[in-house]
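Protein chains in written order, with my numbering: chain A, 8 to 88; chain B, 110 to 249. Input: a single structure, listed below in structure tokens.
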């Protein structure tokens, strides 16, 4: 049985959001740069509130930032208009 | 490396070094002539004193970094909570053995050492889990 896990596109979306750094995103969300790095690397699953804050900071809907499914590599989101 | 991870690593190393040495000396002395109370208390005080020095050093380091320090976020709190919960259960199990089982089988310094060992296991578990939580991550 394939294991499902929480994946995210934060790194790509940060780049598309005018190359926002991990520190800048962390400051907007209220967590440290290291926590953002851990979330991006899949080493930490954020709380629901934190996930919503990240999506809001990136200007994207939640399901575009985070995905629950088989980890088949990072998806390619569309650039922000 | 985050300060919390650094402190956990320092404490883990200190506990394993100091308490490992103490229990090694106690084990080596087991076959020899029994030590007097003053000698035993002196050995224990030496080990606890060494840990006290480490505690003081980490306290000083913590005070020095307080200016501009980053406050704990949800990941720090979650790692701390998980490590402390596991350590609490380990300590509880150890104390149950020390309090309800060992008094019928041993006494005196054997009980003291068993209690110390239970505390040591709990602390090593706590700090080890903190380091692992930061290094390897901890997904639900």
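Glycine residues also receive a C-beta, built at the ideal position from the N, C-alpha and C atoms.
### Query
Is DSSP giving residue 144 of chain B helix, strand or coil here?
coil
### Query
Can you find a CB in chain E that lies within less than 8 Å of the CB of residue 182 of chain B?
Among the chains of the structure shown, chain E does not appear; the protein chains present are A and B.
### Status (buried if at least 16 other CB within 10 Å, exposed otherwise) for residue 236 of chain B
buried
### Query
Is there at least one Cβ from chain A nearer than 8 Å to residue 237 of chain B's Cβ?
no
### Query
Between the C-alpha atoms of residue 157 of chain B and residue 190 of chain B, what's the straight-line distance to the nearest angstrom?
26 Å
### Task
List the residues of chain A that residue 111 of chain B touches, going by C-beta distances under 8 Å, in chain order.
39 and 41
### Message
Check for me: the alpha helix (DSSP H) holding residue 14 of chain A runs from which residue to which?
### Response
Element bounds for residue 14 of chain A: not the alpha helix (DSSP H) but the beta strand (DSSP E), 12 to 15.
### Task
Taking only the alpha-carbon atoms, compute the straight-line gap between residue 213 of chain B and residue 206 of chain B and give it to the nearest angstrom.
11 Å
### Message
Just list the residues that DSSP pairs residue 74 of chain A with in beta bridges.
### Response
A/14
### Message
Along the chain, where does the alpha helix (DSSP H) containing residue 131 of chain B start, and where does it finish?
### Response
112 to 138
### Task
Could you check the C-alpha separation between residue 203 of chain B and residue 26 of chain A for me, to the nearest Å?
52 Å
### Query
Would the beta-carbon of residue 199 of chain B fall within 8 Å of that of residue 230 of chain B?
yes
### Nearest-angstrom beta carbon gap, residue 47 of chain A and residue 18 of chain A [assumed within contact, 8 Å]
5 Å
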